[in-house]
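To keep things clear, I will list the structure first and then write my remarks on it.
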Amino acid sequence: SQTIHQWPATLVQPVGSPLSLECTVEGTSNPNLYWYRQAAGRGLQLLFYSVGIGQISSEVPQNLSASRPQDRQFILSSKKLLLSDSGFYLCAWSVGGTGSTSQYFGPGTRLTVT
Amino acid sequence: QQQVKQSPQSLIVQKGGISIINCAYENTAFDYFPWYQQFPGKGPALLIAIRPDVSEKKEGRFTISFNKSAKQFSLHIMDSQPGDSATYFCAAILTNFGNEKLTFGTGTRLTIIP
Numbered sequence: 017s018q019t020i021h022q023w024p025a026t027l028v029q030p031v032g033s034p035l036s037l038e039c040t041v042e043g044t045s046n047p048n049l050y051w052y053r054q055a056a057g058r059g060l061q062l063l064f065y066s067v068g069i070g071q072i073s074s075e076v077p078q079n080l081s082a083s084r085p086q087d088r089q090f091i092l093s094s095k096k097l098l099l100s101d102s103g104f105y106l107c108a109w110s111v112g113g114t115g116s117t118s119q120y121f122g123p124g125t126r127l128t129v130t
Numbered sequence: 006q007q008q009v010k011q012s013p014q015s016l017i018v019q020k021g022g023i024s025i026i027n028c029a030y031e032n033t034a035f036d037y038f039p040w041y042q043q044f045p046g047k048g049p050a051l052l053i054a055i056r057p058d059v060s061e062k063k064e065g066r067f068t069i070s071f072n073k074s075a076k077q078f079s080l081h082i083m084d085s086q087p088g089d090s091a092t093y094f095c096a097a098i099l100t101n102f103g104n105e106k107l108t109f110g111t112g113t114r115l116t117i118i119p
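Residue numbers (my numbering), protein chains in the order written: chain E, 17 to 130; chain S, 6 to 119.
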């Protein structure tokens with residue numbers, strides 16, 4: 017069966033510090049991968065998605081970036097965090113290729129920028 | 006603009022009652038409609054999903070009703086239980102060259118009271 021991991025689970029960082037969040041998927045090959053952000057009490061905002069190694073599409077202009085160095089690894093980064101970057105970050109995967117399938121979410125990382 | 010409108014924002018239902026959450030979409034190109042359940046501090050979990058060529062899908066106490074002509078769909082939770090208390094998100098997927106972009110509704114906070 018497929019599993020998705022995210023770490024760290026929680027993170028408190030000062031403004032201006034760098035960020036690196038990691039997501040890995042097990043039990044599947046060539047998945048589509050996604051990064052979402054969820055503000056408190058709000059819906060989910062798609063930040064980045066990737067259909068393959070090194071292929072990243074950005075949905076929202078911001079000071080965040082994403083990379084996919086390996087097939088089942090997705091990383092969210094920032095060089096300098098802003099207060100507005102606080103939120104709940106979720107990684108998700110879906111079966112690669114054409115067709116309509118659902119996305120499966122990881123446990124999330126709670127980021128607080130102070 | 007691709008949107009999915011969800012209502013109500015919050016819902017309180019007595020134990021044993023029926024919980025109903027409604028969603029409406031604009032883009033007729035959407036081709037898959039999942040519902041997610043999210044508990045506090047956790048990632049959303051896929052609950053049930055439907056394709057637009059089906060008018061109803063039932064899984065246990067959860068039923069999706071889909072009205073393609075009205076561009077509306079709803080989640081019904083029969084015999085609601087306190088353990089169903091969570092935030093529910095409807096979503097719609099637009100498949101584009103193998104990448105499924107999820108558009109989420111804004112969420113409904115459901116509370117089941119004894």
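For every residue, glycine included, the Cβ atom is placed at its ideal position computed from N, Cα and C.
| query | What does E/Leu106 reach in chain S if we use C-beta pairs closer than 7 Å? | reply | Locating residue 106 of chain E in the first sequence gives position 90, counting from the first residue. Listed by position along chain S, the residues whose Cβ is nearer than 7 Å to that of E/Leu106 are Gly48.
| message | Any beta carbon from chain S within less than 7 Å of E/Leu132's own beta carbon? | response | Within the shown structure, residues of chain E are numbered from 17 to 130, placing residue 132 of chain E beyond reach of any answer.
| query | In angstroms, rounded to a whole number, what distance separates the CA positions of S/Arg114 and S/Glu64? | reply | Indexing the second sequence from 1 puts residue 114 of chain S at position 109. Indexing the second sequence from 1 puts residue 64 of chain S at position 59. CA-CA distance, S/Arg114 to S/Glu64, rounds to 21 Å.
| Out of E/Ser93, E/Trp51 and E/Asn79, which has the shortest C-alpha to C-alpha gap to E/Pro123? | Position 107 of the first sequence holds residue 123 of chain E. Among E/Ser93, E/Trp51 and E/Asn79, the Cα nearest to that of E/Pro123 belongs to E/Trp51.
| message | Please list, in chain order, the chain E residues whose beta carbon lies closer than 9 Å to that of S/Phe67. | response | One-based indexing of the second sequence puts residue 67 of chain S at position 62. Close partners of S/Phe67 in chain E (Cβ separation under 9 Å) are lacking, with about 14 Å as the shortest Cβ gap.
| message | With H, G and I counted as helix, E and B as strand and the rest as coil, what does DSSP make of S/Leu52? | response | Here residue 52 of chain S refers to the residue found at position 47 of the second sequence. Note: S/Leu52 maps to strand in three-state DSSP.
| message | Taking the alpha-carbon of S/Arg56 as reference, which of S/Phe35, S/Gly46 and S/Thr111 has the nearest alpha-carbon? | response | As a working mapping, residue 56 of chain S is identified with position 51 in the second sequence. Ranking the options by Cα distance to S/Arg56, first place goes to S/Phe35.
| Can you round the beta-carbon distance between S/Leu51 and E/Leu62 to whole angstroms, since I take them to be within the 8 Å contact cut? | Residue 51 of chain S sits at position 46 when you count from the first residue of the second sequence. Residue 62 of chain E sits at position 46 when you count from the first residue of the first sequence. Actually they do not touch by this definition, with Cβ atoms about 16 Å apart.
| query | Any idea if E/Gln119 is buried or exposed, counting beta-carbon neighbours within 10 angstroms, 16 or more meaning buried? | reply | Taking the first sequence and counting its residues from 1, the one referred to as residue 119 of chain E is at position 103. The residue in question, E/Gln119, is buried, as its Cβ has 16 or more Cβ neighbours within 10 Å.
| message | Strictly below 8 Å CB to CB, what residues from chain E border S/Phe109? | response | Counting from one through the second sequence, the residue named residue 109 of chain S turns up at place 104. Within 8 Å Cβ-Cβ: Gly59 and Leu60.
| query | E/Pro123 versus chain S: which residues are under 9 Å apart at the beta carbon? | reply | As a working note, residue 123 of chain E is residue 107 in the first sequence. Against chain S, a Cβ distance below 9 Å from E/Pro123 picks out Gly46, Lys47 and Gly48.
| request: Using a Cβ cut-off of 9 Å, pull out every chain S residue sitting near E/Ser74, in sequence order please. | output: Reading the first sequence from its first residue, position 58 is the one you call residue 74 of chain E. Residues of chain S passing the Cβ test: none, with the nearest at roughly 13 Å.
| message | Can you pull the chain E neighbours of S/Pro39, defined as C-beta to C-beta under 7 Å? | response | Translated into positions along the second sequence, residue 39 of chain S becomes position 34. Taking the beta carbon of S/Pro39 as reference, the chain E residues within 7 Å of it are Ser118, listed in sequence order.
| query | Using a C-beta cutoff of 7 Å, does E/Ser36 count as contacting chain S? | reply | Working through the first sequence from its first residue, we reach residue 36 of chain E at position 20. Cβ-Cβ to chain S under 7 Å: no for E/Ser36.
| message | Between S/Glu105 and chain E, is any beta-carbon pair separated by less than 7 Å? | response | Here residue 105 of chain S refers to the residue found at position 100 of the second sequence. Yes, S/Glu105 counts as interfacial toward chain E.
| request: Over the uninterrupted beta strand (DSSP E) stretch that includes E/Asn48, give me the two end residues. | output: Counting from one through the first sequence, the residue named residue 48 of chain E turns up at place 32. Per DSSP, E/Asn48 is one residue of the beta strand (DSSP E) stretching across Asn48 to Gln54.
| task | Run down chain E in chain order and give the residues with a C-beta less than 7 Å from the C-beta of S/Phe78. | result | Position 73 of the second sequence holds residue 78 of chain S. Simply none; closest approach about 15 Å.
| said: Between which two residues does the beta strand (DSSP E) holding S/Phe71 run? | reply: If you number the second sequence from 1, residue 71 of chain S lands on position 66. In the DSSP assignment, S/Phe71 falls within the unbroken beta strand (DSSP E) covering Phe67 to Asn72.
| request: From the DSSP output, read off the bridge partner residues of E/Thr26. | output: Position 10 of the first sequence, counting from 1, holds the residue named residue 26 of chain E. Its beta-bridge partners are E/Arg126.
| Can you list, in chain order, the residues of the region 45 to 57 of chain E whose Cβ is nearer than 7 Å to any Cβ on chain S? | From the region 45 to 57 of chain E, only Asn48 have a Cβ closer than 7 Å to chain S.
| said: If contact is defined by three or more beta carbon pairs under 8 Å, each pair taking one atom from either stretch, is the region 29 to 43 of chain E in contact with the region 76 to 94 of chain E? | reply: Result yes; three or more Cβ-Cβ pairs closer than 8 Å.
| request: Can you grab the Cα-Cα spacing for the pair S/Cys28 / S/Ile117, in whole Å? | output: Counting from 1 along the second sequence, the entry for residue 28 of chain S is found at position 23. Counting from 1 along the second sequence, the entry for residue 117 of chain S is found at position 112. Linking S/Cys28 to S/Ile117 through their CA atoms gives a straight-line distance of about 20 Å.
| field | Spatially closest choice to E/Ser83 from E/Leu99, E/Ser66 and E/Val111, by CA coordinates | value | As a first step, residue 83 of chain E must be located in the first sequence, where it is residue number 67. Nearest of E/Leu99, E/Ser66 and E/Val111 to E/Ser83, Cα basis: E/Ser66.
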